[in-house]
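Peer 1:
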Ligand SMILES: *Cc1c(COP(=O)(O)O)cnc(C)c1O
């Protein structure tokens, strides 16, 4: 039995970089009755979401939707395109890149992991020139795919995907380009077709503002051609039947009907606001958040200002202060969840999510919770991050002209 005071008053601040807060509009859309997934109404819904999601990936090519978390779509990208023993070039940008590499090993691939040593690699993005250099050495074309993470959610560092494309082309190498933008999609600018990406992997519970449970593979014609010869075992993840049945708006199995209602609503919200406006809003909030961190006198995990993530900000805690203890104080006192430090950064950082259903005042409340929690934890602060963020946000507004009464 739940006790009556199980839920604290007011709303919980879910400021982790995914799952992000689900807007009421989406929750309501998801509450419609589940329908026959072979009936005519479903076919219309299927066609609508399959067309809409292409606009978010900026592609005219197929986007496969799985009833799975992002990890499933990672596996789908690899098993549809590769064969046992294939060499894949991966890049260590953080915890998620590391998990994807572990998956590649478990599947029987041979990943090569480029990156800077120690924590440095977790503070910078992919160095495209190192990828070009490695591909140039591979004159026999042993490397079958280059796999990179666009927005490394464990650190708050992005990578320049267009530069990786240019590196592959400059080396004249036929490897596929496979990109994880699970946390970047619909928050950070992304261009599947223009950047020549062969498989883009994404998920529902970050920028798309949906609950966890569906994930995506946007694919190129080159990736589809590779899938005809790829020999890794695949059945559930196989693109072939899904893409075939999607042409009429259906799936070979029971899709996640209610999450597709939610996706339809999310697409309406995002395309209604306008993708460029959505990206600009994320940049504005991220910039104010970073000003807060600087005013506190704390360090931003991302060491390259050109690569700051619009999705989240990683905040490094000073030596002697356990970031998870600070997160616990904030959770217990202010009913707010912040992202934990993952892998190499465990205890040394926390992550502030500012993605999806976020605006100036949700950010200000978030930063106020952080500032109060940091003070309670006894972290010496140089100044007020809240004031710095307010100044930043106000400076980004145009001043209204007021007439004297
Ligand atoms: C969230 C995330 C994943 C994992 O997705 P799940 O839905 O948890 O399986 C992988 N990569 C990145 C960059 C992510 O942000």
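In my numbering, the protein residues as written are 854 to 1258.
All C-beta atoms, glycine included, are put in the ideal place defined by N, C-alpha and C.
1) Quick check on residue 1005: does DSSP put it in helix, strand or coil?
2) Heavy atom of ligand 1 less than 7 Å from the Cβ of residue 966, yes or no?
3) If you compare alpha carbons, which of 1189, 1205, 1220 is closest to residue 866?
4) Please give the ranges of any beta strand (DSSP E) in the region 1009–1093, keeping only runs that are unbroken, at least 3 residues long and fully inside the region.
5) Could you check where the alpha helix (DSSP H) with residue 1174 kicks off and where it finishes?
6) Are there 16 or more other CB atoms within 10 angstroms of the CB of residue 960, so buried, or fewer, so exposed?
7) Using three-state DSSP, classify residue 1237 as helix, strand or coil.
8) How would you label residue 1079, buried or exposed, when you count the other beta carbons within 10 angstroms and need 16 or more for buried?
9) I need the straight-line Cα distance from residue 981 to residue 957, nearest angstrom please.
10) From residue 1227 to residue 917, what does the alpha carbon distance come to, in whole angstroms?
11) Heavy atom of ligand 1 less than 7 Å from the Cβ of residue 1281, yes or no?
12) Give me whichever residues DSSP pairs with residue 944 in a beta bridge.
13) Give the DSSP-derived three-state secondary structure of residue 1154 in the structure shown.
14) Alpha carbon to alpha carbon, how far is residue 1163 from residue 1022? Give it in angstroms, no decimals.
15) What do you get for residue 1040, buried or exposed, if any count of 16 or more other CB atoms within 10 angstroms of its CB means buried?
16) Taking only heavy atoms of ligand 1 into account, decide whether any of them is closer than 7 Å to the Cβ of residue 1065.
17) Rounded to whole angstroms, what's the CA-CA distance from residue 907 to residue 1055? Just pull it up for me.
18) Residue 967 and residue 989 look like a contact to me (Cβ under 8 Å); what is the Cβ gap, rounded to whole Å?
19) Across which residues does DSSP place residue 1166 in a beta bridge pair?
20) Whole angstroms is fine: what's the gap from residue 992's alpha carbon to residue 898's?
21) Quick test of the definition: if touching needs 3 or more C-beta pairs under 8 Å, does the region 1118–1127 touch the region 1217–1224?
22) Relative to ligand 1, is the shortest distance from any of its heavy atoms to the C-beta of residue 1005 smaller than 7 Å?
23) Between the Cα of residue 1017 and the Cα atoms of 920, 979, 924, 1236, which residue gives the shortest distance?
24) Does the region 867–885 come within contact of the region 1096–1107, defined as at least 3 CB pairs closer than 8 Å?
25) Determine the direct distance from the alpha carbon of residue 938 to that of residue 1126, and round the result to whole angstroms.
26) Suppose contacts are defined by Cβ-Cβ distances below 8 Å. Is residue 1006 in contact with residue 976 by that definition?
27) Mark residue 971 as exposed unless 16 or more other C-beta atoms lie within 10 angstroms of its C-beta, in which case mark it buried.
28) With the cut-off set at 8 Å, would you say residue 1208 and residue 870 are in Cβ contact?
29) Does ligand 1 have a heavy atom nearer than 7 Å to the CB of residue 869?
30) Should residue 1254 be labelled buried (16 or more other beta-carbon atoms within 10 Å of its own) or exposed?
31) Out of 1206, 1107, 1212, state which residue places its alpha-carbon closest to the alpha-carbon of residue 891.
32) Can you tell which of 932, 948, 963 has the C-alpha that lies nearest to the C-alpha of residue 940?
33) Does residue 1074 pass the burial test, meaning 16 or more other C-beta atoms within 10 Å, or should it be called exposed?
34) Between the C-alpha atoms of residue 1082 and residue 1053, what's the straight-line distance to the nearest angstrom?
Peer 2: So, from the listed chains and residues:
1) Strand.
2) Relative to the non-hydrogen atoms of ligand 1, the Cβ of residue 966 never comes closer than 7 Å to any of them.
3) The residue from 1189, 1205, 1220 with its alpha-carbon nearest to that of residue 866 is 1189.
4) Fully enclosed beta strand (DSSP E) runs of 3 or longer: 1029–1033, 1052–1056, 1068–1072.
5) Looking at the DSSP string, residue 1174 is not in any alpha helix (DSSP H), and its letter there is neither H nor E.
6) Buried, by the Cβ-count rule.
7) Assigned with DSSP and collapsed to three states, residue 1237 falls in coil, not helix or strand.
8) That one is buried.
9) Residue 981 and residue 957: Cα-Cα distance of roughly 21 Å.
10) The alpha-carbon atoms of residue 1227 and residue 917 are separated by roughly 43 Å.
11) A question about residue 1281 goes unanswered here, because the residues of the chain that appear run from 854 up to 1258.
12) For residue 944, which the question treats as bridged, DSSP gives the partners 967.
13) DSSP, reduced to helix, strand and coil, places residue 1154 outside both helices and strands of the structure shown, so it counts as coil.
14) Pairing residue 1022 with residue 1163, the inter-Cα distance amounts to about 28 Å.
15) In this structure residue 1040 is buried. Its beta-carbon is surrounded by 16 or more other beta-carbon atoms within 10 angstroms.
16) Flag set: Cβ of residue 1065 near ligand 1.
17) Cα to Cα, residue 907 sits roughly 12 Å from residue 1055.
18) Rounded to the nearest angstrom, the Cβ distance from residue 967 to residue 989 is 14 Å, too far for a contact under 8 Å.
19) In the DSSP assignment, residue 1166 forms a beta bridge with 1205.
20) Cα-Cα distance, rounded: 47 Å.
21) With the cut-off at 8 Å, the region 1118–1127 and the region 1217–1224 do not touch.
22) Remark: the shortest separation between the CB of residue 1005 and any heavy atom of ligand 1 falls under 7 Å.
23) If you compare the alpha carbons of 920, 979, 924, 1236 with that of residue 1017, the shortest gap goes to 979.
24) No, the region 867–885 is not in contact with the region 1096–1107.
25) Spanning the two alpha carbons is a distance of roughly 45 Å.
26) No, these two residues do not count as a Cβ contact at 8 Å.
27) Residue 971 counts as exposed, since fewer than 16 other beta carbons sit within 10 angstroms of its beta carbon.
28) In this structure, the beta-carbon distance from residue 1208 to residue 870 falls below 8 Å.
29) Within 7 Å of the C-beta of residue 869 there is not a single heavy atom belonging to ligand 1.
30) So residue 1254 ends up on the exposed side.
31) Here the closest residue by C-alpha is 1107.
32) Residue 963 is the option with its Cα nearest to residue 940.
33) Flag for residue 1074 reads exposed.
34) One C-alpha to the other measures close to 19 Å.
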